[in-house]
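Participant:
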Amino acid sequence: MLETSARLLRLLSLLQSRTDWSGAELAGRLEVGLRTVRRDIERLRELGYPVAATPGVAGGYRLGRGAALPPLLLDDEEAVAVAISLRTAATGSVAGLEEVALRALAKLHQVLPSRLRHRVSAFQAATVPLAGAAAPEVNADVLAGLAAACRDHRRLRLHHRGRDGVTAREVEPHRLVHTPRRWYLLAWDVAKEDWRTFRVDRIEGPLGEPGARFTPRAMPQEDAAAYVSRAITSAPYRHRARVLFHAPMEAVAPRTSPGAGRLSAVDARTCLFEAGSDSLEELAIHVAAKGFDFEVLDPPELVPVLREIAERLMRAGSRA
Numbered sequence: 001m002l003e004t005s006a007r008l009l010r011l012l013s014l015l016q017s018r019t020d021w022s023g024a025e026l027a028g029r030l031e032v033g034l035r036t037v038r039r040d041i042e043r044l045r046e047l048g049y050p051v052a053a054t055p056g057v058a059g060g061y062r063l064g065r066g067a068a069l070p071p072l073l074l075d076d077e078e079a080v081a082v083a084i085s086l087r088t089a090a091t092g093s094v095a096g097l098e099e100v101a102l103r104a105l106a107k108l109h110q111v112l113p114s115r116l117r118h119r120v121s122a123f124q125a126a127t128v129p130l131a132g133a134a135a136p137e138v139n140a141d142v143l144a145g146l147a148a149a150c151r152d153h154r155r156l157r158l159h160h161r162g163r164d165g166v167t168a169r170e171v172e173p174h175r176l177v178h179t180p181r182r183w184y185l186l187a188w189d190v191a192k193e194d195w196r197t198f199r200v201d202r203i204e205g206p207l208g209e210p211g212a213r214f215t216p217r218a219m220p221q222e223d224a225a226a227y228v229s230r231a232i233t234s235a236p237y238r239h240r241a242r243v244l245f246h247a248p249m250e251a252v253a254p255r256t257s258p259g260a261g262r263l264s265a266v267d268a269r270t271c272l273f274e275a276g277s278d279s280l281e282e283l284a285i286h287v288a289a290k291g292f293d294f295e296v297l298d299p300p301e302l303v304p305v306l307r308e309i310a311e312r313l314m315r316a317g318s319r320a
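Last residue of the sequence shown: 320 (UniProt numbering), numbering continuous.
Written as structure tokens, this is what we have:
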């Protein structure tokens, strides 16, 4: 049986790992009786932890939110996952998180046992970021404010940089959607009375005070991720393409990112790819590079561009 101090730490860890626990479940995990569990709960309360209790057969215990952040107890796998996530956040695209993530990582390293520190150090030593085009930075305060407005169903007045300059938009935030490079806000535009997608890096901060509460609207047939995927891969571009791949969707999907185009199954042997670009040549190369037979449904102007690229490749192959 665990000593009292060790048992209290174990009890706190259990309460942090899940929302609700019955007294019997806690007693079984700690290998003690129900009276001991009740005494330990009272000790945690005396130490300042807000543990709520619900009486009755269906009752139990829940760790509430206190005024101060309590010690967070992590098992081995959780500690390694947090350390790796902090290291990733330190090189991410959310502005202002790099230094904070590194400070938190330094604190975590001080308390990690050596066996876990070696695992995290091995990950860091073996991982090298691949330099490429920098992703647009997102203001961390703006991102947090948008997330809070989505959660609380509060209207916001945004200043968004678009093709026509900066415009003020009153919106009802619905969801934040992100790709590996960008963050998007899906919201109901009050003035336009329609759903709109906003790039978060183009929303100017700081955000104003949240407005009135609203009743969340029902989305169209597709979910938030599918809607944003369709919006960002076609609507903003000069050219919109529809290509039929003569391959099952399961084969094409691993070669298509959500930000590059929208893929949907037609039948067991074919799938439809919809994408947009300001360059027909970029569209042609992108489609051809997937490695499957295809036919262009729209636009017809894409066909001669494909022929020109094919002839160029043939000339390059004959010279080699």
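Every residue gets a Cβ at the ideal spot worked out from N, C-alpha and C, and that includes glycine.
Under a three-way DSSP split, which group does T4 fall into?
Facilitator: Helix, per DSSP.
Participant: Could you tell me whether the Cβ atoms of L156 and V171 are closer together than 9 Å?
Facilitator: Yes. Within cutoff.
Participant: At a cut of 8 Å, does the stretch 141-151 reach the stretch 198-209 through at least three beta carbon pairs?
Facilitator: A contact exists between the stretch 141-151 and the stretch 198-209.
Participant: Kindly list the residues whose CB is nearer than 8 Å to the CB of H239, restricted to its own chain and excluding five residues on each side of it in sequence; keep chain order.
Facilitator: Same-chain partners within the cutoff: G276, S277, D278, S279, L280, L283, P299, E301 and L302.
Participant: So what's G145 in DSSP terms, helix, strand or just coil?
Facilitator: Three-state result, G145: helix.
Participant: Comparing alpha-carbon positions, which option in A149, D152, A126 and D76 lies nearest R115?
Facilitator: That would be D76, whose Cα lies nearest to the Cα of R115.
Participant: With distances taken from CA atoms, which of A95, L112 and A231 is nearest A83?
Facilitator: When each option's Cα is compared against that of A83, the closest is L112.
Participant: May I have the straight-line CA-CA distance separating P220 from S257, to the nearest angstrom?
Facilitator: Using only the alpha carbons, I get a separation of about 22 Å.
Participant: Give the single residue among P216, D164, G211 and R163 whose Cα lies nearest to the Cα of L186.
Facilitator: Here the closest residue by C-alpha is P216.
Participant: Per DSSP, which one or two residues make a beta bridge with A52?
Facilitator: In the DSSP output, where bridge partners are listed per residue, A52 has R62.
Participant: Which residue wins for smallest C-alpha separation from D293, given the options V305, V252, V266 and W183?
Facilitator: The residue with the shortest Cα to Cα distance from D293 is V252.
Participant: Using the rule of at least 16 other Cβ atoms within 10 Å of the residue's Cβ for burial, across every protein chain shown, is A289 buried or exposed?
Facilitator: That one is exposed.
Participant: Note down the Cα distance separating V200 from T167, rounded to an integer number of angstroms.
Facilitator: Distance between the alpha carbons of V200 and T167 is about 14 Å.
Participant: Could you say which of L74, L44 and A79 lies nearest to G64 if we only look at CA atoms?
Facilitator: Nearest option by C-alpha distance: L44.
Participant: Whose C-beta lies closer than 7 Å to the C-beta of M314 among residues of the same chain, with five residues either side of it excluded?
Facilitator: No residues qualify anywhere along the chain.
Participant: Rank P50, G60 and P71 by C-alpha distance to the C-alpha of R10 and give the top, closest one.
Facilitator: The shortest Cα separation from R10 among P50, G60 and P71 belongs to P71.
Participant: Which same chain residues end up closer than 7 Å to L8 when comparing Cβ atoms and leaving out the 5 residues on each side of it in sequence?
Facilitator: Closer than 7 Å at the Cβ level, and outside the excluded window around L8, lie D40, R43 and L44.
Participant: From V37, K107, T197 and H246, pick the residue whose C-alpha is nearest to that of R169; which is it?
Facilitator: Nearest of V37, K107, T197 and H246 to R169, Cα basis: T197.
Participant: Could you check the C-alpha separation between A226 and R262 for me, to the nearest Å?
Facilitator: Near 8 Å, if we compare the C-alpha coordinates of R262 and A226.
Participant: Using only alpha-carbon positions, find the residue among L272, R230 and A53 that is nearest to P248.
Facilitator: Nearest C-alpha to P248: L272.
Participant: Is it true that the CB of V37 sits closer than 9 Å to the CB of L26?
Facilitator: The answer is yes: Cβ separation under 9 Å.
Participant: Going by the DSSP bridge assignment, what does T197 pair with across the sheet?
Facilitator: Paired residues: L186.
Participant: Exposed or buried, V266, counting other C-beta atoms within 10 Å across all chains shown (16 or more means buried)?
Facilitator: The residue in question, V266, is exposed, as its Cβ has fewer than 16 Cβ neighbours within 10 Å.
Participant: Put D76 into one of helix, strand or coil per three-state DSSP.
Facilitator: Helix.
Participant: Compute the beta-carbon to beta-carbon distance between L30 and Y61, rounded to the nearest angstrom, for a pair I have assumed lies under 8 Å.
Facilitator: Their Cβ separation, rounded to whole angstroms, is 12 Å, which puts L30 and Y61 out of contact at 8 Å.
Participant: Since V243 contacts V296 with CB under 8 Å, what's their CB separation in whole angstroms?
Facilitator: Going by Cβ atoms, the distance from V243 to V296 rounds to 6 Å, so yes, they are a contact pair.
Participant: How far does the beta strand (DSSP E) with S264 in it reach, from first residue to last?
Facilitator: First-last of the beta strand (DSSP E) with S264: R262 to A265.
Participant: Please list the terminal residues of the continuous alpha helix (DSSP H) segment that includes F292.
Facilitator: From DSSP, F292 is part of no alpha helix (DSSP H); its letter is neither H nor E.
Participant: Measuring straight from C-alpha to C-alpha, what distance separates D189 and R181?
Facilitator: Approximately 24 Å, taken between the alpha carbons.
Participant: For the alpha helix (DSSP H) holding F123, just list the boundary residues, first then last.
Facilitator: From DSSP, the alpha helix (DSSP H) with F123 extends over S114 to A126.
Participant: Could you pull the DSSP bridge partners for R240 from this structure?
Facilitator: DSSP, once it has assigned bridges, lists G276 as partnering R240.
Participant: Measure the beta-carbon distance from L105 to R87 and round it to whole angstroms, keeping in mind my assumption that it falls under 8 Å.
Facilitator: At roughly 6 Å, the Cβ-Cβ gap stays under 8 Å, so L105 and R87 are in contact.
Participant: Kindly indicate which three-state DSSP category D20 falls into: helix, strand or coil?
Facilitator: Coil, per DSSP.
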